[in-house]
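At position 139 of the sequence shown (counting the first as 1) the number is 240 in our numbering, and the numbers step up by one without a gap.
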Amino acid sequence: MADPLTTHHLRHVESMATLPSGAGNISRLNAVILGEALASEEDDLILSSPDFSTQAHVPSPEKYLEMYKRSIEDPAGFWSDIASQFYWKQKWGTPVYSENFDIRKGRINIEWFKGGITNICYNCLDANIAAGDGDKIAIYWEGNELGVDATLTYNQLLHKVCQLANYLKDIGVRKGDAVLIYLPMLMELPIAMLACARIGAVHSVVFAGFSSESVAQRIIDCKPKVVLTCNAVKRGPKVINLKDIVDVALAECAKNGAVVDVCLTYGNESALKKESTKWVEGRDIWWQDVLHKYPTSCDVEWVDAEDPLFLLYTSGSTGKPKGVLHTTGGYMVYTATTFKYAFDYKPSDVYWCTADCGWITGHSYVTYGPLLNGASVIVFEGAPNYPDSGRCWDIVDKYKVSIFYTAPTLVRSLMREGNEHVTRYSRKSLRVLGSVGEPINPSAWRWFFNVVGDSRCPISDTWWQTETGGFLITPLPGAWPQKPGSATFPFFGVQPVIVDEKGGEIEGECSGYLCIKSSWPGAFRTLYGDHERYETTYFSAFPGYYFSGDGCSRDKDGYHWLTGRVDDVINVSGHRIGTAEVESALVSHPQCAEAAVVGVEHEVKGQGIYAFVTLVEGVPYSDDLRKSLIMTVRKQIGAFAAPDKIHWAPGLPKTRSGKIMRRILRKIASRQLDELGDTSTLADPGVVDQLIALSDS
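So, in structure tokens, the structure goes:
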């Protein structure tokens, strides 16, 4: 008998399946069928064309419902069937999964396919080669400069992965050891990830844009055996000396007793000649000098499904980054499955995700998800607007890209540059578009749909997080009518609920906090070395649920609309930045006494960083000081975390207990001065007027 709660959980989607075209009686219904007309502001729904739907993996709402229903009512059977399509040295035991999501019942834990023995690198490479795809292109690499490119077939990729894996074993890297990777988007980045996975080492990729302080913090936390980097990279016209950043980080770590013996450095000579690279003899090794000496085959280290695969540090609302830990089996099954269905992937597709492997998107949807499906993936080293704003479409035409997955930030910045940069390219190869990192506003959605996709490509507007491993709420191309800006419905096996402040589930049309009830295979298992923080951050706000930290509305048709972070994390261009991190960087400046940071709407980046700064007594306000404060943040965290605005603050609005009232600061920052609410509870209500007076100084 189906659990009544589960059946009830399907009420939103079931109401749709019984109505014409699965769309529901939508007021002002002026639906558009893909490829037939432009989506205008008045359109509520975008329907798939029959041609697209009939060949889609999930061709109708009915098929989605049938699969979704099974995934909720019989998760063990549903996911076992899918997992059986992968290579396992030994099958998992029973139960297929075990979980405790309720902190009141003891330790939070999630396990999937435990006892199953596999290897994700084997499934990405060897299994595809065994299936006859050895000569298929795995990676098309596009350099920063026009005309600089390279390719690797699945066979060639395996050879390179094995050489690096053999080298790592030779220098003493063993199963369970951490390897820190600080590389730009060279082919060596996915190679390094796969080489670690092959030998059971745990990779921790750090985005090659983070400062030396950020790199040092991560090294001290995970104590890697080796750091993999490159001497420099060109992004657009700018050279970034990555090795210098690593040198400073390693020196800092050594002072703290975290000594790294080997720094394997790829010589990226288009950015910096080898002889110009600073060198520490005995520690630094040139990648190209040693790797070619190693054999091109390497035995696989078979691991348990619950053995760790990687660590990825993400911003928390308190200063210290959190080491999100993903394990092997569930993550493998989940990323591969979400990739296949959310992009309606077919073997003939050429797929490009513009994300860097330094973020979760680059782990799940540049490296693992696509390669597990035997896809041809584009890895792009450069900047999307270099040498001009047509670069993305130049790449799309050059490689005949059929699936293009990017961030709303990039969509909005290209939209500002004008349509001619898009329309001078053909883009005829595109068939599915995707969006990641933050909610995409309807006007950007329509531009992406109408201009980039010529009104014929569905958009997979995916909602997920570093912690979730893969998509949780996403359109499935061909299955559902789309609403511009809505992430639509949950992926298989995912039960989203919207709760109120007290944790009560809200039914029907509503707004509240987005939580997930019960686990899915791709969920993270802990925060490295800090399970207690894992439990308090994600499972204590609403006991019995995983709390996403995001707000969400559900409309009368059951579509989900993400409204952004509800905690102290700002989402800038799809990068999560903890306000506490930026504040502590500002306060480290000798002339800054106190700082409070909030997010404000930004037309390109989604959210911008707005900092209220109180200076040390007697220090005058000046533009130079403003620049110096911004440079401090850039140096400590990275350029992407630099405040967009510094607002001088003689004092900050605080409660009598000393808590900064960020709600009031957000209103001042976004100039919503008529919505300040009650300020009488502040220790010094006069501060608010002073801040308003200084708004434009």
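Ideal Cβ placement from N, Cα and C applies to all residues, glycine included.
Among residues of its own chain, excluding the 5 on either side of VAL306, which ones have a beta-carbon nearer than 6 Å to its beta-carbon?
As a first step, residue 306 is located in the sequence shown; it is residue number 205 there, counting from the start. The residues are ILE282, CYS458, GLY459.
Taking its Cβ as the centre, do 16 or more other Cβ atoms sit within 10 Å of LYS728, making it buried, or is it exposed?
Within the sequence shown, numbered from 1, the residue matching residue 728 stands at position 627. Exposed, because fewer than 16 other Cβ atoms sit within 10 Å of the Cβ of LYS728.
Have a look at THR252, SER398, GLY609, ALA681 and flag the residue whose alpha-carbon is nearest the alpha-carbon of LYS421.
On the sequence shown, residue 421 is found 320 positions in, with the first residue counted as 1. Nearest option by C-alpha distance: ALA681.
Taking 8 Å as the cut-off, does the region 467–478 touch the region 444–458 (at least 3 CB pairs, one atom from each stretch)?
Contact between the region 444–458 and the region 467–478 is present, because at least three Cβ pairs lie under 8 Å.
Please state if the CB of VAL401 and the CB of ALA350 are separated by a distance shorter than 9 Å.
As a working note, residue 350 is residue 249 in the sequence shown. As a working note, residue 401 is residue 300 in the sequence shown. No.
Locate the beta strand (DSSP E) running through ILE211, then write down its first and last residues.
Here residue 211 is taken as the residue at index 110 of the sequence shown, counted from 1. Element bounds for ILE211: 210–213.
Give the secondary structure of ASP322 by DSSP, where H, G and I count as helix, E and B as strand, and everything else as coil.
For this step, residue 322 is matched to residue 221 along the sequence shown. Helix, per DSSP.
Relative to the alpha-carbon of LYS190, which residue among ILE747, VAL425, PHE214 has its alpha-carbon at the smallest distance?
Numbered from its first residue, the sequence shown carries residue 190 at position 89. When each option's Cα is compared against that of LYS190, the closest is PHE214.
Do the region 327–338 and the region 428–438 make contact, defined as three or more Cβ pairs closer than 8 Å?
Short answer: they don't touch.
Following the continuous alpha helix (DSSP H) through PHE640, name the residue where it begins and the one where it ends.
Position 539 of the sequence shown holds residue 640. Per DSSP, PHE640 belongs to the alpha helix (DSSP H) from 632–640.
For TYR523, which residues of its own chain have a beta-carbon under 8 Å away from its beta-carbon, when the five flanking residues on both sides are left out?
Here residue 523 is taken as the residue at index 422 of the sequence shown, counted from 1. The amino acid at residue 523 is misidentified as Tyr; the sequence shows Val. These residues qualify, in order along the chain: GLY491, TRP494, LEU515, VAL552, VAL553.
Tell me the rounded alpha-carbon separation between ASN245 and TYR487.
Along the sequence shown, one-based indexing puts residue 245 at 144. Along the sequence shown, one-based indexing puts residue 487 at 386. Near 8 Å, if we compare the C-alpha coordinates of TYR487 and ASN245.
Consider the C-beta atom of ILE300 and the heavy atoms of the ligand ADP; say whether any pair is separated by less than 8 Å.
Judged by which ligands are present, the structure shown has none, so any question about the ligand ADP falls away.
Going by C-alpha to C-alpha distance, which of LYS374, VAL391, ASP203 sits closest to CYS364?
Taking the first residue of the sequence shown as position 1, residue 364 is located at position 263. Ranking LYS374, VAL391, ASP203 by Cα distance to CYS364 puts VAL391 first.
Please determine if the region 229–249 and the region 643–658 are in contact, where contact requires at least 3 C-beta pairs separated by less than 8 Å.
No, the region 229–249 does not touch the region 643–658.
Kindly list the residues whose CB is nearer than 7 Å to the CB of LEU663, restricted to its own chain and excluding five residues on each side of it in sequence; keep chain order.
Looking up residue 663 in the sequence shown gives position 562. These residues qualify, in order along the chain: PRO540, TRP564, ALA588, ASP651, CYS653.
Considering only the alpha carbon of each residue, which of VAL667, ARG205, SER172 lies closest to THR637?
Within the sequence shown, residue 637 is the residue found at index 536, counting from 1. Of VAL667, ARG205, SER172, the residue nearest in Cα terms is ARG205.
Where does ASN229 sit, in a helix, a strand or coil, going by DSSP?
For the purposes of this step, residue 229 is taken as residue 128 along the sequence shown, with counting starting at 1. Here ASN229 sits in helix by DSSP.
Going along the chain, which unbroken runs of the beta strand (DSSP E) with 3 or more residues stay wholly within the region 503–544?
As far as the region 503–544 is concerned, its whole beta strand (DSSP E) runs of at least 3 residues are 504–507, 533–536.
Return the chain-ordered list of same chain residues with a C-beta closer than 7 Å to the C-beta of GLY623, the five sequence neighbours on each side being excluded.
For the purposes of this step, residue 623 is taken as residue 522 along the sequence shown, with counting starting at 1. GLY431, TYR432, TYR435, THR436, THR569, GLY570, GLY571.
Determine, using beta-carbon pairs with one atom in the region 394–413 and one in the region 354–362, whether at least three such pairs fall under 8 Å.
No, they do not touch.
Do you know how far the Cα of PRO591 is from the Cα of VAL133?
The residue labelled residue 133 in the question sits at position 32 within the sequence shown. The residue labelled residue 591 in the question sits at position 490 within the sequence shown. Because VAL133 sits at a pLDDT of 46, beneath the cut-off of 50, its placement in the model cannot be relied upon, and the following sentence gives the value as read from the coordinates. Spanning the two alpha carbons is a distance of roughly 23 Å.
Thinking C-alpha only, which one of ARG513, ILE461, HIS464 is nearest PRO485?
Along the sequence shown, one-based indexing puts residue 485 at 384. When each option's Cα is compared against that of PRO485, the closest is ARG513.
Is it buried or exposed, SER128, if we count other Cβ atoms within 10 angstroms and call 16 or more buried?
Walking along the sequence shown from the start, residue 128 turns up at place 27. Its pLDDT being 29, under 50, SER128 is placed unreliably in this model, and the value from its coordinates should be taken loosely. When all chains shown are included, SER128 counts as exposed.
Under 6 Å Cβ to Cβ from LYS755, same chain only, skipping five residues before and after it: list those, please.
Your numbering for residue 755 matches position 654 in the sequence shown. Closer than 6 Å at Cβ, skipping near neighbours: ILE761, ALA784.
LYS423 by DSSP, collapsed to three states: which one?
The residue given as residue 423 occupies position 322 in the sequence shown. In this structure, LYS423 counts as strand in the three-state DSSP scheme.
Please specify which runs of the beta strand (DSSP E), each continuous and at least 3 residues long, are wholly inside the region 284–312, giving them in chain order.
List check, beta strand (DSSP E) in window: 303–306.
On the CB-based measure, 16 or more other CB atoms within 10 Å of its CB, does ASP152 come out buried or exposed?
Walking along the sequence shown from the start, residue 152 turns up at place 51. When all chains shown are included, ASP152 counts as exposed.
What residue range does the alpha helix (DSSP H) around GLY178 cover?
The residue given as residue 178 occupies position 77 in the sequence shown. Its alpha helix (DSSP H) spans residues 176–184.
I'd like the list of long-range same chain contacts for PRO471, defined as Cβ closer than 7 Å, with 5 residues on each side in sequence excluded.
Counting from 1 along the sequence shown, the entry for residue 471 is found at position 370. Excluding residues within five positions, the ones whose Cβ falls inside 7 Å are PHE440, TYR452, VAL478.
I need the straight-line Cα distance from GLU376 to ALA309, nearest angstrom please.
Position 275 of the sequence shown holds residue 376. Position 208 of the sequence shown holds residue 309. In a straight line, the C-alpha of GLU376 is about 22 Å away from that of ALA309.
If you count every other CB in all the chains shown that lies within 10 Å of the CB of GLY273, and 16 or more means buried, which is it?
Counting from 1 along the sequence shown, the entry for residue 273 is found at position 172. Exposed, by the Cβ-count rule.
Within 8 Å, do at least three Cβ pairs link the region 174–192 to the region 607–615?
These segments do not touch.
Taking Cβ positions, are ALA279 and LEU410 nearer each other than 9 Å?
For this step, residue 279 is matched to residue 178 along the sequence shown. For this step, residue 410 is matched to residue 309 along the sequence shown. No.
Does DSSP put GLN791 in a helix, in a strand, or in coil?
Working through the sequence shown from its first residue, we reach residue 791 at position 690. Here GLN791 sits in helix by DSSP.
Can you tell which of SER313, LEU753, ALA355, GLU606 has its C-alpha closest to the C-alpha of ASP345?
Within the sequence shown, the letter at position 244 stands for residue 345. Comparing Cα-Cα distances from ASP345 to each of SER313, LEU753, ALA355, GLU606, the minimum goes to SER313.
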